[in-house]
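Below: one structure, written as structure tokens.
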Amino acid sequence: MFRIMGEMYSHKIRVLWQKIMIAVCICFGIFVLMACADMRLKWERMLASIVTQKAMGATDIIVDKQTFVSYYKGYTDWSNPGSDPTQWPNTTYARVFGVQSFIAK
Numbered sequence: 009m010f011r012i013m014g015e016m017y018s019h020k021i022r023v024l025w026q027k028i029m030i031a032v033c034i035c036f037g038i039f040v041l042m043a044c045a046d047m048r049l050k051w052e053r054m055l056a057s058i059v060t061q062k063a064m065g066a067t068d069i070i071v072d073k074q075t076f077v078s079y080y081k082g083y084t085d086w087s088n089p090g091s092d093p094t095q096w097p098n099t100t101y102a103r104v105f106g107v108q109s110f111i112a113k
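Have a look at this one:
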């Protein structure tokens, strides 16, 4: 009798634990999805800013430093651009966007 009750209780705990783990995975997935969407919006705003600056004849592009900052720390695997236009990855960004220099301030 006690063995059957113990196994039922153990099964309920196992099922509850599985449901909690599934909920945690779903919540983490939503968090990462929101971080990706946020970074995508920031990237699109930066691209619009670059197009506007290039249309005005600027060859030294300045973008917002917050474009490359995510609240999800595991989001990036690249080094973020800084304020020195001669250091990597600023030089790579400048080459990709076809400008003289690229700076994030």
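Heads up: take any position in the sequence shown, counting from 1, add 8, and you land on this note's numbering. Every residue, glycine too, gets a C-beta built ideally from N, C-alpha and C.
Ala112, DSSP secondary structure in three states: For this step, residue 112 is matched to residue 104 along the sequence shown. Three-state DSSP puts Ala112 in a strand.
Proximity to Tyr5 [Cα-Cα], best of Leu55, Cys44, Arg53, Lys20: One cannot answer for residue 5 here, as it falls past the ends of the chain, which runs 9 to 113.
Coil, strand or helix - Val77 by DSSP: Here residue 77 corresponds to residue number 69 of the sequence shown, with the count starting at 1. In the structure shown, Val77 sits in coil (DSSP, three-state: anything other than H, G, I, E or B).
Cβ shell of Arg22 (< 8 Å), same chain only, five flanking positions each side left out: To locate residue 22, count along the sequence shown from 1; it is residue 14. For Arg22, where only same-chain residues beyond five positions count, there are no Cβ hits under 8 Å.
Where Val32 sits in the DSSP three-state scheme: Here residue 32 corresponds to residue number 24 of the sequence shown, with the count starting at 1. Correct three-state label for Val32: helix.
Residue burial classification, Ile30 (beta-carbon count within 10 angstroms, cutoff 16): Along the sequence shown, read from residue 1 onward, the residue named residue 30 stands at position 22. Exposed is the call here.
Stretch pair the segment 102-112 + the segment 66-75: three plus CB contacts closer than 8 Å: Touching, per the Cβ criterion.
Inter-residue spacing [alpha-carbon to alpha-carbon] between Lys50 and Cys35: Taking the first residue of the sequence shown as position 1, residue 50 is located at position 42. Taking the first residue of the sequence shown as position 1, residue 35 is located at position 27. Rounded to the nearest angstrom, the two C-alpha atoms are 23 Å apart.
Sub-8 Å separation of Phe105 and Asn88 beta-carbons: As a first step, residue 105 is located in the sequence shown; it is residue number 97 there, counting from the start. As a first step, residue 88 is located in the sequence shown; it is residue number 80 there, counting from the start. With respect to Asn88, Phe105 sits apart: the two C-beta atoms are not nearer than 8 Å.
Those runs of the beta strand (DSSP E) which lie wholly inside the segment 49-104 and span at least 3 residues: Taken in chain order, the complete beta strand (DSSP E) segments of 3 or more residues contained in the segment 49-104 are 68-71.
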